[in-house]
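Q: Questions regarding the structure given below will be posed in turn.
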Amino acid sequence: MNALKGKWKLVTLGALVVAAAALATATATARGSASTIKIAVLSDCQGAFGSFDNQDLAGVVTAMSQFAGAKAKNPNKPRDGWTGGSINGHPLKLVGIGCSNDRADTAIKETKRLMEQLGADILIGPLSGDESIAVANYAKQHPTKTFVDGSAGAQDTTLKVRAPNFFRFNGDGAMWNAGLGDLAKNKLHWKTAAVVADDYSFAWTSAAGFIAEFCAVGGNVTKRVFPPLNTTDYSSYAQQMPTNVDGTFVAVGGAGLIPFLKAYEQAHGPIDGKKFIGNLFWGTPGQFQQLSTRVVGAYVGGAGTAGDLATAAAKAYNAEVGKVFKTIPPFGAAAPQASSTFTYGYYVNTWGLLDGLKAVGGDISGGQKKLQAAIKNVKLSTPYGPLHLDKNNQAVINVFYQQLYLKNGKLAVKTVGEIPGVDQTFGGTFSTSTPAPGRTSPKCVKRSLPWIGKTIHPPVTG
Amino acid sequence: MRAVNPDRVVGVIALVLAVAAPLYVSPYWVGTLLTQMLFLGIVAASLIFLSAYGGMVSLAQVAIYGIAGFVVGNATTNGNTKGLNLGWNPWWGVVAGIAVAVAVGFLFGALASRSVGIYFLMITLTYSVIANLTFGQVTDVSGFGGISGIPAPASVGPVDAHQNRLYYVTLGAALAIYVLLRYVSRTPFGLTLQGVRDDPVRMASLGYNVALHRTAAFAFASFVAAVGGVLFVWWNGHIDPASIDLGATIDVLVIAVVGGLYRLEGAWVGALFFVIVNNYSQQISFIGARFHTLIGAIFLVIVLVSPGGLVGLWERVVAVASGRRRGPPDRNPIEVGQVEPSI
Numbered sequence: 042m043n044a045l046k047g048k049w050k051l052v053t054l055g056a057l058v059v060a061a062a063a064l065a066t067a068t069a070t071a072r073g074s075a076s077t078i079k080i081a082v083l084s085d086c087q088g089a090f091g092s093f094d095n096q097d098l099a100g101v102v103t104a105m106s107q108f109a110g111a112k113a114k115n116p117n118k119p120r121d122g123w124t125g126g127s128i129n130g131h132p133l134k135l136v137g138i139g140c141s142n143d144r145a146d147t148a149i150k151e152t153k154r155l156m157e158q159l160g161a162d163i164l165i166g167p168l169s170g171d172e173s174i175a176v177a178n179y180a181k182q183h184p185t186k187t188f189v190d191g192s193a194g195a196q197d198t199t200l201k202v203r204a205p206n207f208f209r210f211n212g213d214g215a216m217w218n219a220g221l222g223d224l225a226k227n228k229l230h231w232k233t234a235a236v237v238a239d240d241y242s243f244a245w246t247s248a249a250g251f252i253a254e255f256c257a258v259g260g261n262v263t264k265r266v267f268p269p270l271n272t273t274d275y276s277s278y279a280q281q282m283p284t285n286v287d288g289t290f291v292a293v294g295g296a297g298l299i300p301f302l303k304a305y306e307q308a309h310g311p312i313d314g315k316k317f318i319g320n321l322f323w324g325t326p327g328q329f330q331q332l333s334t335r336v337v338g339a340y341v342g343g344a345g346t347a348g349d350l351a352t353a354a355a356k357a358y359n360a361e362v363g364k365v366f367k368t369i370p371p372f373g374a375a376a377p378q379a380s381s382t383f384t385y386g387y388y389v390n391t392w393g394l395l396d397g398l399k400a401v402g403g404d405i406s407g408g409q410k411k412l413q414a415a416i417k418n419v420k421l422s423t424p425y426g427p428l429h430l431d432k433n434n435q436a437v438i439n440v441f442y443q444q445l446y447l448k449n450g451k452l453a454v455k456t457v458g459e460i461p462g463v464d465q466t467f468g469g470t471f472s473t474s475t476p477a478p479g480r481t482s483p484k485c486v487k488r489s490l491p492w493i494g495k496t497i498h499p500p501v502t503g
Numbered sequence: 048m049r050a051v052n053p054d055r056v057v058g059v060i061a062l063v064l065a066v067a068a069p070l071y072v073s074p075y076w077v078g079t080l081l082t083q084m085l086f087l088g089i090v091a092a093s094l095i096f097l098s099a100y101g102g103m104v105s106l107a108q109v110a111i112y113g114i115a116g117f118v119v120g121n122a123t124t125n126g127n128t129k130g131l132n133l134g135w136n137p138w139w140g141v142v143a144g145i146a147v148a149v150a151v152g153f154l155f156g157a158l159a160s161r162s163v164g165i166y167f168l169m170i171t172l173t174y175s176v177i178a179n180l181t182f183g184q185v186t187d188v189s190g191f192g193g194i195s196g197i198p199a200p201a202s203v204g205p206v207d208a209h210q211n212r213l214y215y216v217t218l219g220a221a222l223a224i225y226v227l228l229r230y231v232s233r234t235p236f237g238l239t240l241q242g243v244r245d246d247p248v249r250m251a252s253l254g255y256n257v258a259l260h261r262t263a264a265f266a267f268a269s270f271v272a273a274v275g276g277v278l279f280v281w282w283n284g285h286i287d288p289a290s291i292d293l294g295a296t297i298d299v300l301v302i303a304v305v306g307g308l309y310r311l312e313g314a315w316v317g318a319l320f321f322v323i324v325n326n327y328s329q330q331i332s333f334i335g336a337r338f339h340t341l342i343g344a345i346f347l348v349i350v351l352v353s354p355g356g357l358v359g360l361w362e363r364v365v366a367v368a369s370g371r372r373r374g375p376p377d378r379n380p381i382e383v384g385q386v387e388p389s390i
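In order, the protein sequence lines correspond to chains A and B.
Under my numbering, the residues of the first sequence are numbered 42 to 503, in order.
Under my numbering, the residues of the second sequence are numbered 48 to 390, in order.
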């Protein structure tokens with residue numbers, strides 16, 4: 042009898058062990074097969090920004106490496122993507138990298154391919170403004186997928202389209218010029234200014250940032266000139282520029298900037314750098330060197346970054362990019378390219394996404410609603426200051442402006458001002474109901490802006 | 048017993064496959080690739096109609112398709128985008144889009160109707176450039192960034208949520224256009240047009256108004272291209288000047304030539320080929336961004352091997368299989384060197 046009892050005990054014990062083992066295996070299997078999160082990246086590998094393709098991917102992969110344990114596949118070619126990387130056991134799989142060309146049409150086509158054919162759950166990108174408006178409209182139609190911007194700076198993307206599942210952790214073109222209007226009026230003592238900008242949405246937005254702030258603090262914009270994009274002969278536009286103003290804001294970009302300045306000199310004589318403010322194109326590495334010393338002293342708007350910032354966070358970020366990548370083709374060493382608006386844009390947007398994924402433990406079930414709610418609440422301490430999202434999923438950020446100066450007889454650029462807490466609305470100048478920036482908008486109106494008088498002078502290297 | 052016409056058999060099989068497509072291919076194929084193939088085929092068909100029956104190789108078809116698309120965009124969007132934002136009912140947008148495109152097509156046609164060969168090609172290329180630059184520079188109706196968020200009518204859209212609906216609408220439109228073009232080519236108008244193509248001087252001496260016939264044919268082809276343009280903006284939800292730039296113009300010419308520039312069916316055959324190559328070549332890493340190099344090489348091979356395009360290749364296969372030694376003689380698809388007497 043006792044022997045029988047012992048036998049039953051043994052059987053029970055055995056059953057318990059088997060059950061426990063089965064449970065353990067099941068749990069392990071469940072953890073091992075935690076659903077994969079499929080991520081796609083939309084970059085520009087052709088068109089005007091095609092040469093920055095690897096910077097875009099470097100930003101994404103650096104964030105993946107820093108915040109999700111991924112590894113770059115090739116330390117000399119960011120476009121090869123990453124391996125590994127997970128959030129709470131959910132692997133982060135790169136399903137595809139789109140190749141757009143700054144055209145909205147191509148961006149939509151590539152987005153469809155990445156999301157519908159390759160089945161991505163989340164898209165990081167695109168790079169440029171008009172592409173992002175189209176992708177945000179696409180996002181609106183696909184509420185169960187999540188989209189974070191790459192580096193696009195169109196205002197409409199977040200202010201007008203307002204897709205609840207599209208998030209932007211970088212600034213827009215107008216925000217990037219915050220501080221310049223205050224500088225022109227209160228430091229350079231301009232009372233009147235003229236504006237010249239390329240005749241398309243990014244340049245309108247860029248100029249709108251200057252106009253909104255300069256007018257807000259009491260300045261008056263007396264003339265706005267808009268040469269068509271890709272103009273080659275700027276002489277007729279330079280002739281239209283008034284000389285009876287205190288200064289000129291120039292938002293002519295890319296290949297047009299130097300021909301415009303030359304045409305201006307031919308029309309009105311030598312340029313006085315102190316009477317000019319440029320947008321980000323003036324400070325772009327590879328661009329400003331060609332401006333020659335004629336523009337020494339000119340102030341320049343940024344793109345939400347400051348390569349010479351000497352804070353610990355900014356230095357650590359540069360080092361992180363340099364740790365993940367040795368080179369970023371075609372421009373060479375990786376670390377100096379960390380502050381490119383493209384590298385940083387893709388980096389900070391990927392970081393915001395990963396923070397959201399961490400908050401929900403990598404759970405993208407339920408049409409990604411929990412993830413989207415979590416991303417909305419993400420707050421980051423970025424290399425360039427604190428950041429949070431507003432009600433339209435648009436980041437409120439610190440922005441920087443620079444000045445061109447002579448260093449060993451050559452033109453160089455240094456960061457001279459930081460404006461904290463810049464938001465997209467410019468104190469109500471821009472809203473969902475106001476006309477988008479254009480040839481005649483915004484109007485020149487005096488109003489109060491939250492950041493006026495709060496400019497700080499950050500520590501810089503060199 | 049009559050021999051079975053292999054063209055008809057293939058046609059019926061293609062139609063059955065197209066109608067049943069949502070049952071056996073992925074939603075991406077239906078919603079993106081096949082729908083795109085159908086409306087690109089419609090635009091290419093307007094080009095093939097002009098070329099095959101009128102002897103006019105036009106590079107303005109994409110401009111016309113863009114005009115229809117921009118009118119629909121301006122008329123039917125409601126705030127939050129560039130353009131006029133008139134907020135009309137989408138069906139009124141369709142009417143306006145097609146009407147404006149046909150009117151502009153009539154004007155374009157009238158101006159180009161006395162040119163032939165390479166001169167006609169150059170004039171229509173100019174139209175394409177004018178349309179592209181006009182929409183780029185006139186910021187009231189578009190500007191560089193274009194118009195986003197263009198809605199499809201409620202019974203068709205929202206397009207992304209109901210991809211099969213737009214697919215069937217586009218399939219229906221493509222079929223209707225095909226039947227219409229076949230029908231028109233057999234009417235007295237179509238026969239006269241073919242007479243104008245073959246010998247304009249003789250047609251003029253017989254009392255036909257050659258220039259008016261060409262103009263009318265151009266306006267009619269504009270109607271066909273405009274239908275393609277409307278379907279394009281419904282599908283894409285967005286149109287900008289880059290949608291109708293030189294690249295897009297060349298793409299449609301490539302589709303028509305690859306498919307076969309002298310038979311209407313070539314339009315959709317070429318479009319299917321183009322769309323598939325475009326989509327899948329992106330995934331081959333060493334091609335990726337070099338799609339246009341690839342399609343250019345294929346274009347060259349097809350023009351050299353089979354000037355009649357893929358449809359011409361098919362005709363040869365059928366001819367050989369049916370016992371004829373040689374296939375039908377290849378017709379030169381682009382007779383741009385031809386200079387005809389002034390009329």
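By construction, the Cβ of each residue, glycine as well, lies at the ideal position given by its N, Cα and C atoms.
#1: R154 of chain A touches chain B at which residues, Cβ-Cβ below 7 Å?
#2: Among the candidates B:L94, B:A68 and B:G116, whose CA atom is the shortest distance from the CA of W282 of chain B?
#3: Near A215 of chain A, what residues of its chain come up, given a Cβ to Cβ distance below 8 Å and the 5 sequence neighbours on each side ignored?
#4: Ordered along the chain, which non-local residues of its own chain (more than five positions away) have a Cβ less than 6 Å from that of F243 of chain A?
#5: I need the straight-line Cα distance from G88 of chain B to A75 of chain A, nearest angstrom please.
#6: Let me know the secondary structure DSSP gives K303 of chain A once reduced to three states.
#7: Could you work out which residues of chain B lie near I149 of chain A, taking near to mean beta carbons separated by less than 9 Å?
#8: Alpha carbon to alpha carbon, what distance is there between S127 of chain A and L64 of chain A?
#9: With 8 Å as the C-beta to C-beta threshold (strictly closer), list the residues of the stretch 249-276 of chain A near chain B in chain order.
#10: Within the 8 Å Cβ cut-off, does D298 of chain B reach chain A?
#11: Between A:T263, A:Q158, A:V189 and A:D143, which lies nearest to I416 of chain A when the distance is taken from Cα to Cα?
#12: Closer than 8 Å is the cut-off here; do at least three beta carbon pairs connect the stretch 59-71 of chain B with the stretch 292-306 of chain B?
#13: Can you name the residues of chain A whose CB is closer than 8 Å to the CB of Q184 of chain B?
#14: Would you say G479 of chain A faces chain B, with C-beta separation under 8 Å as the test?
#15: Which residues in the same chain have their Cβ closer than 6 Å to the Cβ of A354 of chain A, if we skip the five residues on either side of it in sequence?
#16: So within the stretch 337-397 of chain A, which uninterrupted beta strand (DSSP E) runs reach at least 3 residues, ignoring any that extend past its ends?
#17: At a cut of 8 Å, does the stretch 311-323 of chain B reach the stretch 206-219 of chain B through at least three beta carbon pairs?
#18: For R488 of chain A, decide whether its Cβ has a neighbour in chain B, counting only Cβ atoms nearer than 8 Å.
#19: If you draw a straight line from the C-alpha of P476 of chain A to the C-alpha of T124 of chain B, how long is it?
#20: One question on the structure: do V365 of chain A and V102 of chain A come within less than 8 Å of each other, judged by their Cβ atoms?
#21: Work out the CA separation of L135 of chain A and A453 of chain A for me, nearest whole Å.
#22: Might you give, ordered along the chain, the residues of its own chain that have their beta carbon closer than 7 Å to the beta carbon of L490 of chain A, omitting 5 neighbours on each side?
#23: Out of curiosity, what's the CA-to-CA distance linking T66 of chain A and V77 of chain B?
#24: Considering E312 of chain B, what are the terminal residues of the beta strand (DSSP E) in which it resides?
#25: For D146 of chain A, go through chain B and note every residue whose CB falls closer than 9 Å to its CB, in chain order.
#26: Buried or exposed for T234 of chain B, please, with buried defined as at least 16 other CB atoms from any protein chain shown within 10 angstroms of its CB.
#27: Between the beta-carbon of Y275 of chain A and the beta-carbon of A304 of chain A, is there less than 8 Å?
#28: For my contact list, K2 of chain A and Y446 of chain A are in at a C-beta cut-off of 8 Å; report their separation, rounded to the angstrom.
#29: Where does P58 of chain B sit, in a helix, a strand or coil, going by DSSP?
#30: Measuring alpha carbon to alpha carbon, tell me which residue in B:A273, B:V305, B:A68 and B:Y112 is nearest L351 of chain B.
#31: From the DSSP output, in three-state form, read off W361 of chain B for me.
#32: If you drop the 5 nearest sequence neighbours on each side, which residues of the same chain put their C-beta closer than 8 Å to that of L85 of chain B?
#33: Could you give the distance in angstroms between the alpha-carbon of D239 of chain A and the alpha-carbon of G194 of chain A?
#34: So which residues on chain B does N178 of chain A lean against when the C-beta distance must stay under 8 Å?
#35: Report all residues from its chain with a CB closer than 6 Å to the CB of L131 of chain B; omit the five preceding and five following residues, and keep chain order.
#36: Do L298 of chain A and F317 of chain A have their beta-carbon atoms positioned less than 8 Å apart in this structure?
A: The relevant details are as follows:
#1: Reading the first sequence from its first residue, position 113 is the one you call residue 154 of chain A. Near R154 of chain A (Cβ distances below 7 Å), the residues of chain B are N326 and Q329.
#2: Counting from 1 along the second sequence, the entry for residue 282 of chain B is found at position 235. Checking every option, the nearest Cα to that of W282 of chain B belongs to B:G116.
#3: Stepping through the first sequence from its first residue, residue 215 of chain A is reached at position 174. Counting only Cβ-Cβ distances below 8 Å, and skipping sequence neighbours, we find Q196, T246, S247, A249, G250, A253, Q465, F467, F471 and P478.
#4: Your numbering for residue 243 of chain A matches position 202 in the first sequence. The residues are G170 and G214.
#5: Your numbering for residue 88 of chain B matches position 41 in the second sequence. Your numbering for residue 75 of chain A matches position 34 in the first sequence. Cα to Cα, the separation comes out at about 44 Å.
#6: Your numbering for residue 303 of chain A matches position 262 in the first sequence. Correct three-state label for K303 of chain A: helix.
#7: Sequence index remark: in the first sequence, residue 149 of chain A carries index 108 (1-based). Near I149 of chain A (Cβ distances below 9 Å), the residues of chain B are N283, G284 and H285.
#8: Residue 64 of chain A sits at position 23 when you count from the first residue of the first sequence. Residue 127 of chain A sits at position 86 when you count from the first residue of the first sequence. For L64 of chain A, the predicted model reports a pLDDT of 47, less than 50, meaning its position is unreliable; a value from the coordinates is still stated below. Rounded to whole angstroms, L64 of chain A to S127 of chain A spans 24 Å at the Cα level.
#9: P269 and L270
#10: By one-based count along the second sequence, residue 298 of chain B stands at place 251. Output row for D298 of chain B: interface = no.
#11: The residue given as residue 416 of chain A occupies position 375 in the first sequence. If we check each option's Cα against that of I416 of chain A, A:V189 comes out closest.
#12: no
#13: Counted from its first residue, the second sequence places residue 184 of chain B at position 137. Here the neighbours are D240 and P269.
#14: Your numbering for residue 479 of chain A matches position 438 in the first sequence. Answer yes: the Cβ-Cβ gap between G479 of chain A and chain B drops below 8 Å somewhere.
#15: By one-based count along the first sequence, residue 354 of chain A stands at place 313. Cβ neighbours of A354 of chain A beyond the five flanking positions: P424.
#16: 340-342
#17: no
#18: Translated into the one-based positions of the first sequence, residue 488 of chain A becomes position 447. By this cut-off, R488 of chain A is not an interface position.
#19: Position 435 of the first sequence holds residue 476 of chain A. Position 77 of the second sequence holds residue 124 of chain B. The straight-line gap from Cα to Cα measures roughly 15 Å.
#20: On the first sequence, position 324 is the one that residue 365 of chain A refers to. On the first sequence, position 61 is the one that residue 102 of chain A refers to. A contact, by the Cβ cut-off of 8 Å.
#21: For the purposes of this step, residue 453 of chain A is taken as the residue at position 412 of the first sequence. For the purposes of this step, residue 135 of chain A is taken as the residue at position 94 of the first sequence. Going by the C-alpha atoms only, they are around 39 Å apart.
#22: If you number the first sequence from 1, residue 490 of chain A lands on position 449. Closer than 7 Å at Cβ, skipping near neighbours: E254, A257, F467 and G468.
#23: Walking along the first sequence from the start, residue 66 of chain A turns up at place 25. Walking along the second sequence from the start, residue 77 of chain B turns up at place 30. Note on T66 of chain A: pLDDT 45, under 50, position unreliable in the model; the coordinate value appears next. Looking at the two C-alpha atoms, the distance is approximately 42 Å.
#24: Mapped onto the second sequence, residue 312 of chain B falls at position 265. It is not in any beta strand (DSSP E) - E312 of chain B instead sits in the alpha helix (DSSP H) that spans E312 to S328.
#25: For the purposes of this step, residue 146 of chain A is taken as the residue at position 105 of the first sequence. Ordered by position in chain B, the residues that pass the 9 Å Cβ test against D146 of chain A are G193, N283, H285, I286, D287, A289, S290 and A295.
#26: As a working note, residue 234 of chain B is residue 187 in the second sequence. With fewer than 16 other Cβ atoms within 10 Å, it is exposed.
#27: Numbered from its first residue, the first sequence carries residue 275 of chain A at position 234. Numbered from its first residue, the first sequence carries residue 304 of chain A at position 263. It is a contact, given that the beta carbons lie within the stated cut-off.
#28: Here chain A comprises residues numbered 42 to 503, so residue 2 of chain A is not present and cannot be evaluated.
#29: For this step, residue 58 of chain B is matched to residue 11 along the second sequence. Just to set this straight, residue 58 of chain B is Gly in the shown sequence, not Pro. In this structure, G58 of chain B counts as helix in the three-state DSSP scheme.
#30: One-based indexing of the second sequence puts residue 351 of chain B at position 304. Cα-wise, what sits closest to L351 of chain B is B:V305.
#31: Start at 1 with the first residue of the second sequence, and residue 361 of chain B comes out as number 314. Correct three-state label for W361 of chain B: helix.
#32: Taking the first residue of the second sequence as position 1, residue 85 of chain B is located at position 38. Cβ within range, chain order: Y214, T217, L218, A220, A221, L278, W315 and A318.
#33: By 1-based counting over the first sequence, the position of residue 239 of chain A is 198. By 1-based counting over the first sequence, the position of residue 194 of chain A is 153. Near 15 Å, if we compare the C-alpha coordinates of G194 of chain A and D239 of chain A.
#34: Within the first sequence, residue 178 of chain A is the residue found at index 137, counting from 1. Going along chain B in sequence order, the residues near N178 of chain A (Cβ under 8 Å) are S195, G196, G284 and H285.
#35: Within the second sequence, residue 131 of chain B is the residue found at index 84, counting from 1. Result list for L131 of chain B: N121, in chain order.
#36: On the first sequence, position 276 is the one that residue 317 of chain A refers to. On the first sequence, position 257 is the one that residue 298 of chain A refers to. Going by C-beta atoms, F317 of chain A is not nearer than 8 Å to L298 of chain A.
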